[in-house]
Structures are given as C-alpha cells and as structure tokens.
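Note sheet for the following structure.
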Amino acid sequence: MGEKVKLDKVDRLLLAALQQDATLSLNDLAKTVNLTTTPCWKRLKRLEDEGVITKRVALLDAAKIGVNFTAFVQVKTCDHSNAWYEKFVLAVFDMPEVMDFYRMAGEYDYMMRVQVEDMNAFDGFYKRLVNQVEGLTNVTSTFAMESLKFSTVLPLK
Numbered sequence: 005m006g007e008k009v010k011l012d013k014v015d016r017l018l019l020a021a022l023q024q025d026a027t028l029s030l031n032d033l034a035k036t037v038n039l040t041t042t043p044c045w046k047r048l049k050r051l052e053d054e055g056v057i058t059k060r061v062a063l064l065d066a067a068k069i070g071v072n073f074t075a076f077v078q079v080k081t082c083d084h085s086n087a088w089y090e091k092f093v094l095a096v097f098d099m100p101e102v103m104d105f106y107r108m109a110g111e112y113d114y115m116m117r118v119q120v121e122d123m124n125a126f127d128g129f130y131k132r133l134v135n136q137v138e139g140l141t142n143v144t145s146t147f148a149m150e151s152l153k154f155s156t157v158l159p160l161k
C-alpha cells in the first residue's frame with residue numbers, strides 16, 4: 005500500500021468529476037473546478053504522478069456483453085509459504101474472469117469475484133482453478149441472484 009496523498013478541496017472536486025465521467029475534456033474539467041486549463045492539467049498530472057489516478061477506463065455493461073453471472077469464490081489453503089502464495093497469485097492473475105481478488109482474515113484465506121457467461125462457464129473456471137493450483141483445501145462458491153449496487157466511485161473525504 006502506498007502513502008496517503010494529501011488532497012485539497014479542488015483535488016477532490018476534480019477526482020469526483022473524473023470518477024463520474026473520465027471522458028471529460030480538460031476544458032470541461034477546468035470549468036467544473038473553477039480553474040483555467042493549465043493549473044487543471046498540472047493538478048491532473050500531479051495526481052497521476054502520485055498514483056492517485058491509476059487508470060482511465062470505460063465501464064461495460066456485463067449483461068450486454070454476456071458475462072452477467074457473478075460468483076464469489078472463497079478459498080482455504082494449507083500452504084502459506086511465499087513460494088505457494090506467488091504461484092497462486094500469478095495463476096489467478098492469468099484468469100480474466102476474476103474481477104476482484106483479496107487475501108482475507110477470517111475463516112477463508114482468499115476471496116475473488118468472478119464474472120462469466122453462465123454456470124457452465126463457471127464450472128470450467130472452477131475446474132481450471134482447482135487443477136492449476138495445488139494446496140487448496142476448500143473452495144466454496146456462492147452466486148449472486150441480483151446486483152443491488154455496483155460502484156467504482158470511491159468516497160472522497
């Protein structure tokens with residue numbers, strides 16, 4: 005984890021605008037935060053250089069592209085060595101179906117959110133996961149019936 009970056013009110017306004025629409029032009033962003041384009045660009049550049057802004061992406065509708073089956077996969081392992089961890093992380097990073105991947109505290113060691121077409125596709129993912137990585141002692145999956153909230157907007161305090 006990186007160091008927390010100090011943000012002023014204008015930085016927060018700029019980030020809030022970008023989180024809502026990353027396609028805004030520099031002119032529109034500058035107007036939104038009451039700056040001219042040059043100081044606005046300098047702030048954007050600083051926020052990128054400091055790692056606050058990591059990417060500008062397009063968010064896709066999972067249903068419209070046919071990957072709206074969401075599974076949450078929890079994993080227990082008997083091996084907590086660095087070598088196993090590195091192998092497991094690399095294997096999961098190579099699986100494009102995994103949207104989020106966390107090392108957890110509690111009953112399970114890892115959790116991931118997986119997006120696929122349907123149960124058949126999930127079964128294929130599951131088989132690849134358990135056959136690719138040794139040392140998994142328990143893999144439990146639950147499936148979303150309905151998405152009630154999905155957001156990529158971080159709270160800016």
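In our numbering, the protein residues as written are 5 to 161. Note that beta-carbon positions come from the ideal geometry of N, C-alpha and C, so glycine has one too. Quick caveat, the model's predicted, so the values are computed rather than measured.
DSSP state of residue i mapped onto helix, strand, coil
| i | result |
| --- | --- |
| Leu94 | helix |
| Ala134 | Position check: residue 134 holds Val in this sequence, whereas Ala was assumed. Three-state DSSP puts Val134 in a helix. |
| Asn86 | helix |
| Leu140 | strand |
| Met123 | helix |
| Arg47 | helix |
| Arg16 | helix |
| Phe129 | helix |
Inter-residue CB distance, residue i and residue j (contact presumed, cutoff 8 Å)
| i | j | result |
| --- | --- | --- |
| Met115 | Val77 | 7 Å |
| Val120 | Glu150 | Their Cβ separation, rounded to whole angstroms, is 17 Å, which puts Val120 and Glu150 out of contact at 8 Å. |
| Gly6 | Gly70 | Actually they are not in contact, since the Cβ atoms of Gly6 and Gly70 sit about 36 Å apart, beyond 8 Å. |
| Arg16 | Leu160 | 5 Å |
Per-residue burial, residue i [other beta carbons within 10 Å of its own, 16 or more giving buried]
| i | result |
| --- | --- |
| Phe129 | buried |
| Leu64 | exposed |
| Thr81 | buried |
| Leu30 | exposed |
| Val157 | exposed |
Proximity of residue i and residue j at Cβ, strictly below 8 Å
| i | j | result |
| --- | --- | --- |
| Ala75 | Val118 | yes |
| Phe92 | Met123 | no |
| Val3 | Ala95 | For the chain, the structure presents residues 5 to 161; residue 3 sits outside this window and is missing. |
| Leu18 | Leu33 | yes |
| Val9 | Arg47 | no |
| Ala21 | Leu28 | yes |
| Val79 | Asp104 | no |
Identified DSSP bridge partners for residue i
| i | result |
| --- | --- |
| Asn31 | Bridge partners of Asn31: none, in fact. |
| Thr74 | Gln119 |
| Arg107 | Tyr114 |
| Lys80 | Asn142 |
Residue i Cβ short of 7 Å to the ligand COA heavy atom set
| i | result |
| --- | --- |
| Lys8 | Of the ligands one can find in the structure shown there are none, so the ligand COA has no counterpart to examine. |
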